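Mind the numbering: the sequence shown is residues -23 to -1, 1 to 351 in mature numbering (1 follows the signal peptide of the UniProt record, and there is no 0), read in order.
Even glycine gets a Cβ: it sits at the ideal position worked out from N, Cα and C.
Given the structure is predicted, the values throughout are model-derived calculations rather than measurements.
Note sheet for the following structure.
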Amino acid sequence: MKISKTLLLLVTATLALSSCSSAQKKTDSTVSLKNAYVKNFYIGTALDTNQILETNPLTTSLIAKEFNSITPENCMKSMFLQPEKDKFDFKMADKYVAFGEKHKMFIHGHTLIWHSQLPSWLSKVKDSVAMSEAMTKHISTIVEKYKGRIGSWDVVNEALNEDGTLRKSVFLNSYGKDFLTHAFKLAAKADPKTDLYYNDYNLCNAKKRKGAVELMKNLQKNGAKIDGVGEQGHWNLITPTLDEIEQTILDFSALGVKVAITELDITVLPNPWDVVGADVSQRAEASEKMNPYPKALPEDIKIQLAARYEAIFKLFIKHQDKISRVTLWGVNDGQSWLNDWPIRGRSNYPLLFDRDFKPKEAYNSVMKLKEEKK
């Protein structure tokens, strides 16, 4: 059958357009944080209960597309996993791990030992023998249950004061300063292959950082397995400085451990003068001055936030050989804990996606860094 030249051209053009359309769709589907930074480090996020349960398909799709590492926001804290002595509740934790496996993500466990969000029975333990037994039961049971499925754990969370000394927690008061060594050894015994981290905020503060370095050196000296430090990125538009962030990465890397940037969010709101860091017990009174953007973020602040994220990620890329993970503390602005801390009911805008899960200027600035490399 003879095909006319006009028909042949029409068919060729149609196929070309179809090919371009398919290529465009492929490009759109592969443009994401995790793909952009796949050769640098994991890009993670913290999941709340609704996200773990996949209650919103659009949210689930966004998480699966953009991130390749996850951290549980709350469901693995002791008050939820062991609400009563020797009675464990793994329902939500199981769903969290299953979410990560389903979407082929790196799964991080958070957290085994923390002075906050404790079950009432654990907060009342007074002597070293009882605390040793409680820690052994808690850590061994949880880590063994998820052995081979959870890639890393925050073994101890926020054990330091701002001056670098050990916090007066129930663990320190009842067991003594070696509770950290005990915790890390228990976790390593329960799963020798999982990575074990110490996690804390304000580590860019020189005194606190020095205390954390000594803490980790002490763990190493006592024969505890310590694979990394989690540097919580609860920062703002100005502080800490890039030099302070860089020095923190260098100081911990010098110990021969990995550095994870955890809980990253950049607040754009003013804080009361006496509130620092990320101590969830701190609270302040609400005022109009402290909630300057209740409806939306002004353009100039959007630009500042984008520039801040760009500068920080540029630094992370510089030190990619030292960094294992960069985890945003939440998926979108509406989920962020900073809407309620240290003042309840404020509107904060600290993440890369807005309340409608749309990418912000800050997202574009982070992605632009990788586009410029091509």
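**Report entry** Given 8 Å, three or more beta-carbon pairs between the stretch 184 to 197 and the stretch 286 to 294
**Finding:** no
Query raised in the report: residue 335: buried (16+ other C-beta within 10 angstroms of its C-beta) or exposed?
Result: Position 358 of the sequence shown, counted from the first residue, corresponds to residue 335. Counting Cβ neighbours within 10 Å, residue 335 comes out exposed, since fewer than 16 surround it.
Query raised in the report: With a Cβ-Cβ cutoff of 7 Å, do residue 18 and residue 206 count as a contact?
Result: For the purposes of this step, residue 18 is taken as residue 41 along the sequence shown, with counting starting at 1. For the purposes of this step, residue 206 is taken as residue 229 along the sequence shown, with counting starting at 1. Contact flag unset, no.
Query - Per DSSP, cross-strand counterpart(s) of residue 23 - result: In the sequence shown, counting from the first residue as 1, residue 23 sits at position 46. Note: residue 23 sits in a beta bridge opposite 48.
Report task. Leaving aside the five residues before and after residue 72 along the sequence, list all residues of the same chain whose C-beta is less than 7 Å from its C-beta, in chain order. Result -> Residue mapping note: residue 72 aligns to position 95 of the sequence shown, counting from 1. Apart from sequence neighbours up to five positions away, the residues of its chain that approach residue 72 with a beta-carbon distance below 7 Å are 29, 30, ordered along the chain.
Requested in this report: Consult DSSP for residue 211 and reduce its assignment to one of helix, strand or coil.
Outcome: Residue mapping note: residue 211 aligns to position 234 of the sequence shown, counting from 1. Of the three classes helix, strand and coil, the one that applies to residue 211 here is strand, per DSSP.
Query raised in the report: When DSSP labels each residue in this structure, what does residue 34 get in the three-state scheme?
Result: Translated into the one-based positions of the sequence shown, residue 34 becomes position 57. Looking at residue 34 - three-state DSSP - the assignment turns out to be helix.
**Report entry** 7 Å Cβ cutoff met for residue 102 and residue 151
**Finding:** Within the sequence shown, numbered from 1, the residue matching residue 102 stands at position 125. Within the sequence shown, numbered from 1, the residue matching residue 151 stands at position 174. Less than 7 Å separates the beta-carbon of residue 102 from that of residue 151.
Query raised in the report: Are the beta-carbon atoms belonging to residue 286 and residue 343 less than 7 Å from one another?
Result: Stepping through the sequence shown from its first residue, residue 286 is reached at position 309. Stepping through the sequence shown from its first residue, residue 343 is reached at position 366. Taking 7 Å as the Cβ cut-off, residue 286 and residue 343 qualify as a contacting pair.
Query raised in the report: If we count the other Cβ atoms within 10 Å of its Cβ and call it buried at 16 or more, is residue 321 buried or exposed?
Result: Indexing the sequence shown from 1 puts residue 321 at position 344. Exposed, by the Cβ-count rule.
Query raised in the report: Are the beta-carbon atoms of residue 209 and residue 239 separated by less than 7 Å?
Result: In the sequence shown, counting from the first residue as 1, residue 209 sits at position 232. In the sequence shown, counting from the first residue as 1, residue 239 sits at position 262. Contact check for residue 209 against residue 239 passes: the beta carbons are separated by less than 7 Å.
**Report entry** Beta bridge counterpart(s) of residue 237 as assigned by DSSP
**Finding:** Within the sequence shown, numbered from 1, the residue matching residue 237 stands at position 260. Answer is 207, 302, bridged to residue 237.
Query raised in the report: Is it buried or exposed for residue 272, if we count other Cβ within 10 angstroms and need 16 for buried?
Result: Taking the first residue of the sequence shown as position 1, residue 272 is located at position 295. Exposed is the call here.
Query raised in the report: Looking only at its own chain, which residues have a Cβ that is under 6 Å from the Cβ of residue 427, when we skip the five neighbours before and after it?
Result: This structure cannot speak to residue 427, because the chain is shown only from -23 to 351.
Query raised in the report: So, is residue 319 buried or exposed, given that buried needs 16 or more other C-beta atoms within 10 angstroms?
Result: Sequence index remark: in the sequence shown, residue 319 carries index 342 (1-based). Buried, by the Cβ-count rule.
Report task. Please go through the stretch 120 to 157 and give each complete beta strand (DSSP E) segment of 3 or more residues, from N-terminal end onward. Result -> 129 to 134
Requested in this report: State the Cα-Cα distance for the pair residue 170 and residue 278, rounded to the nearest angstrom.
Outcome: Residue mapping note: residue 170 aligns to position 193 of the sequence shown, counting from 1. Residue mapping note: residue 278 aligns to position 301 of the sequence shown, counting from 1. Taking the straight line from one Cα to the other gives about 44 Å.
Query raised in the report: In or out: residue 312 buried (at least 16 other Cβ within 10 Å) or exposed?
Result: Here residue 312 refers to the residue found at position 335 of the sequence shown. Residue 312 is buried by the Cβ-count criterion.
Report task. Specify the secondary structure class of residue 320 as computed by DSSP and reduced to three states. Result -> Your numbering for residue 320 matches position 343 in the sequence shown. Three-state result, residue 320: coil.
Query raised in the report: Counting pairs of Cβ atoms below 8 Å between the stretch 68 to 87 and the stretch 111 to 118, do you hit three or more?
Result: no
Query - Residue range of the unbroken alpha helix (DSSP H) whose run includes residue 292 - result: In the sequence shown, counting from the first residue as 1, residue 292 sits at position 315. Taken as a continuous stretch (DSSP letters only), the alpha helix (DSSP H) holding residue 292 covers 276 to 295.
Query raised in the report: How close, in whole Å, do the beta carbons of residue 328 and residue 341 come, if the pair is a contact with beta carbons under 8 Å?
Result: Your numbering for residue 328 matches position 351 in the sequence shown. Your numbering for residue 341 matches position 364 in the sequence shown. Contact doesn't hold; Cβ gap of about 14 Å is too wide.
**Report entry** 8 Å CB neighbourhood of residue 266 in its chain, flanking five on each side removed
**Finding:** Position 289 of the sequence shown, counted from the first residue, corresponds to residue 266. The residues are 247.
**Report entry** Bridge partners - residue 173, DSSP secondary structure assignment
**Finding:** Within the sequence shown, the letter at position 196 stands for residue 173. DSSP lists 130 as partners of residue 173.
Query raised in the report: If you run the structure through DSSP and keep just helix, strand and coil, what is residue 7?
Result: Within the sequence shown, numbered from 1, the residue matching residue 7 stands at position 30. Look at residue 7 here: in three-state DSSP terms it is helix.
**Report entry** Endpoints, the beta strand (DSSP E) within which residue 83 is located
**Finding:** Indexing the sequence shown from 1 puts residue 83 at position 106. 83 to 91 is the span of the beta strand (DSSP E), which, as asked, contains residue 83.
Query raised in the report: Cβ atoms of residue 82 and residue 38: under 7 Å apart, would you say?
Result: Taking the sequence shown and counting its residues from 1, one reaches residue 38 at position 61. Taking the sequence shown and counting its residues from 1, one reaches residue 82 at position 105. With contacts defined by Cβ atoms closer than 7 Å, residue 38 and residue 82 do not form a contacting pair.
Query - Simplified DSSP assignment, three categories, for residue 64 - result: Residue numbering aside, residue 64 sits at position 87 when the sequence shown is read from its first letter. Strand at residue 64.
Query raised in the report: Given residue 148, which residues of its chain have a CB within under 6 Å of its CB, disregarding the five upstream and five downstream residues?
Result: Here residue 148 refers to the residue found at position 171 of the sequence shown. The answer, listed in chain order, is 156.
Query raised in the report: Using CA coordinates, which residue listed in 54, 130, 120 is at the minimum distance from residue 99?
Result: Translated into positions along the sequence shown, residue 99 becomes position 122. Out of 54, 130, 120, 54 has the C-alpha closest to the C-alpha of residue 99.
Requested in this report: Answer with buried or exposed for residue 33, where buried requires no fewer than 16 other C-beta atoms within 10 angstroms of its C-beta.
Outcome: Within the sequence shown, the letter at position 56 stands for residue 33. Classification of residue 33: exposed, given that the 10 Å Cβ count is below 16.
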